[in-house]
Amino acid sequence: MHRRQLLKTLASAAAALPLPLAAQTAAQKSPGSIRITGVDVIVTNPGATAMNNFVLIKISTNQPGLVGWGDATCTGSELGVAKFMEEHLTPGLIGQNPMHSERLWQRLFFLPYYRSGSVQMSAISGVDMALWDIKGKVAGLPVYDLLGGKVREGMLTYTNAGGRDFKQVEDNVRKLMERGYKVIKVQVALPGNDGGYAVPQTAAQAAKTKDAYAAGMPPDEVWDPMAYTRTLPKLFDHLRKTVGDEIELLHDVHERITPSQALQLGKALEPYRLFYFEDPLRPEHLDTFRLMRQQCSTPIAMGEVYTGQWDGLFLITEHLIDYVRHDLAHCGGITTGKKIATFCEPYGILTAWHGPGNISPITHMANAAVSLSIPNFGIQEFATGWGDPVREVFSDVPQYANGQVTVNDKPGLGIDVNEAVARKYPYVRRLRPAIRRPDGTPWAY
Ligand code: CO
Numbered sequence: 356m357h358r359r360q361l362l363k364t365l366a367s368a369a370a371a372l373p374l375p376l377a378a379q380t381a382a383q384k385s386p387g388s389i390r391i392t393g394v395d396v397i398v399t400n401p402g403a404t405a406m407n408n409f410v411l412i413k414i415s416t417n418q419p420g421l422v423g424w425g426d427a428t429c430t431g432s433e434l435g436v437a438k439f440m441e442e443h444l445t446p447g448l449i450g451q452n453p454m455h456s457e458r459l460w461q462r463l464f465f466l467p468y469y470r471s472g473s474v475q476m477s478a479i480s481g482v483d484m485a486l487w488d489i490k491g492k493v494a495g496l497p498v499y500d501l502l503g504g505k506v507r508e509g510m511l512t513y514t515n516a517g518g519r520d521f522k523q524v525e526d527n528v529r530k531l532m533e534r535g536y537k538v539i540k541v542q543v544a545l546p547g548n549d550g551g552y553a554v555p556q557t558a559a560q561a562a563k564t565k566d567a568y569a570a571g572m573p574p575d576e577v578w579d580p581m582a583y584t585r586t587l588p589k590l591f592d593h594l595r596k597t598v599g600d601e602i603e604l605l606h607d608v609h610e611r612i613t614p615s616q617a618l619q620l621g622k623a624l625e626p627y628r629l630f631y632f633e634d635p636l637r638p639e640h641l642d643t644f645r646l647m648r649q650q651c652s653t654p655i656a657m658g659e660v661y662t663g664q665w666d667g668l669f670l671i672t673e674h675l676i677d678y679v680r681h682d683l684a685h686c687g688g689i690t691t692g693k694k695i696a697t698f699c700e701p702y703g704i705l706t707a708w709h710g711p712g713n714i715s716p717i718t719h720m721a722n723a724a725v726s727l728s729i730p731n732f733g734i735q736e737f738a739t740g741w742g743d744p745v746r747e748v749f750s751d752v753p754q755y756a757n758g759q760v761t762v763n764d765k766p767g768l769g770i771d772v773n774e775a776v777a778r779k780y781p782y783v784r785r786l787r788p789a790i791r792r793p794d795g796t797p798w799a800y
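In this text, residue positions in the sequence shown follow my numbering: the first is 356, and each later residue adds one.
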């Protein structure tokens with residue numbers, strides 16, 4: 356048996372092993388006696404192929420075999436989260452009862468005087484997932500059952516069809532339609548631009564990125580918001596004419612335009628009936644959502660860069676958006692995700708939790724736990740195509756088939772980490788690109 360195959364077999368065998376029955380029974384008999392004995396932070400970049408490093412949280416207990424796994428991955432601040440966790444939050448967890456997930460969430464939130472922000476909230480998110488994982492393992496139930504049980508068996512999902520030009524986007528849309536996708540994200544490169552968001556790079560940009568990585572520096576990338584604003588409606592015009600009206604299309608601006616350009620685009624895209632228009636504005640420009648709502652009917656999704664349940668709250672209470680897109684690895688984990696979904700429900704606002712490939716499969720399992728158990732689920736972003744090294748580290752990942760994502764029904768989050776393999780793939784410095792406008796002005800990624 357090849358080493359890779361052997362590792363896979365060992366990983367799936369380990370995952371198939373339930374918590375030793377004696378330990379589960381003891382914990383169930385006396386959940387008040389369970390204590391946290393250790394918190395490990397493992398930063399891993401499986402096969403050095405991941406776009407960034409995964410920051411994993413392992414919580415150990417005084418019950419033999421009872422551990423929980425969480426994901427505190429925060430792109431661009433991975434080592435900051437790891438150090439913050441070890442030095443500033445872990446001491447607040449040792450000796451505590453892991454069943455008290457809500458109390459521990461609050462305890463960790465108030466622990467540093469200067470609270471909130473991406474680093475602390477990612478750390479709390481990872482801890483929260485690990486605590487729910489433990490809770491599920493003690494109960495012998497998947498986390499979605501603890502949150503109310505399955506409202507649906509699978510989750511509507513989408514993935515990206517990025518291209519260098521309209522024809523390439525069109526071809527990629529057709530390929531995804533053949534694979535059963537009902538909703539597809541479409542992104543196109545701009546004429547004369549080497550890079551772009553969620554599109555293939557030119558050979559020149561790819562070489563520049565490779566050189567920057569080798570030097571441990573952020574790759575340089577140019578972006579022209581004016582060219583983008585001119586191009587995007589033409590892409591949708593092309594797609595509606597070629598792939599028709601039956602397929603749902605969405606687009607992610609990734610905050611790369613000005614408030615007035617967002618307004619122009621929101622109106623210009625109305626005839627093409629988008630599933631949603633994602634992150635049209637930077638979180639620094641939240642007030643502009645009011646103008647967008649007054650002036651156009653394009654459905655809007657927002658929230659992946661939020662770092663807590665308080666961010667963008669009036670977008671919900673004033674019903675200025677249609678989909679919330681918080682990232683459960685940054686906003687406070689399953690606990691916060693469930694609260695946000697509940698808060699959105701009476702407004703008819705649906706969820707679309709952030710789910711790209713640069714957060715670990717553990718967050719994808721956490722996304723599923725909430726997405727499956729809420730009434731106001733909209734869609735679940737899901738990254739297919741994790742490579743073999745990622746599958747060596749993680750015992751399971753959600754499965755895609757026929758436009759939907761499903762997960763296993765194992766207790767907890769249903770995913771274990773092969774620690775030895777994870778440690779064999781240590782941190783690799785991969786800095787985010789430094790984006791600038793053609794005139795040199797630093798700009799949002
Ligand atoms: Co986005």
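Ideal Cβ placement from N, Cα and C applies to all residues, glycine included. As the structure is a computational prediction, the values presented were derived from the model and not from experiment.
Based on the DSSP secondary-structure assignment, which residues constitute the bridge partners of residue i?
i	result
residue 615	DSSP, once it has assigned bridges, lists no residue as partnering residue 615.
residue 749	772
residue 394	414
residue 735	512
residue 409	399
residue 659	Partner(s): none; residue 659 has no beta bridge.
residue 632	606, 655
residue 517	542
residue 797	791
residue 575	789
residue 678	656, 705
residue 431	Looking at the DSSP assignment, residue 431 forms no beta bridge with any residue, so it has no partner.
Residue j and residue i - do their beta-carbons sit closer together than 8 Å?
i	j	result
residue 676	residue 717	no
residue 607	residue 537	no
residue 693	residue 745	no
residue 768	residue 505	no
residue 445	residue 394	yes
residue 521	residue 629	no
residue 564	residue 489	no
residue 549	residue 542	no
residue 481	residue 554	no
residue 647	residue 618	yes
residue 428	residue 695	no
residue 579	residue 545	yes
residue 620	residue 584	yes
residue 799	residue 680	no
residue 450	residue 466	no
residue 781	residue 738	no
residue 526	residue 690	no
residue 414	residue 391	yes
residue 656	residue 582	no
residue 702	residue 729	no
residue 747	residue 709	no
residue 595	residue 627	yes
residue 552	residue 609	yes
residue 502	residue 459	no
residue 785	residue 568	yes
Alpha carbons only, please: which of the options is nearest the one belonging to residue i?
i	options	result
residue 783	403, 393, 391, 539	403
residue 408	414, 400, 601	400
residue 431	795, 797, 599, 788	788
residue 385	439, 435, 428, 454	454
residue 499	792, 761, 779	761
residue 721	730, 763, 759	763
residue 418	449, 511, 382, 738	382
residue 598	523, 742, 649, 749	523
residue 473	461, 644, 447, 439	439
residue 765	460, 486, 497, 509	497
residue 723	622, 511, 518, 516	511
residue 654	635, 779, 775, 468	635
residue 759	509, 471, 651	509
At a cut-off of 7 Å, is residue i close to the ligand FAD when judged by its beta-carbon and the heavy atoms of the ligand?
i	result
residue 627	This structure lacks the ligand FAD; the ligands present are the ligand CO.
Would you check if there are 3 or more beta carbon pairs closer than 8 Å linking the segment 529-538 to the segment 422-435?
no
Examine the Cβ distances between the segment 667-686 and the segment 747-756 and report whether three or more of them are shorter than 8 Å.
no
Distance cut 6 Å, beta-carbon to the ligand CO heavy atom: residue list by chain order
607, 609, 633, 634, 659
Are the segment 655-670 and the segment 678-695 touching by the rule of at least three beta carbon pairs closer than 8 Å?
yes
Quick check: the segment 483-497 against the segment 728-736, are there 3 or more CB pairs under 8 Å?
no
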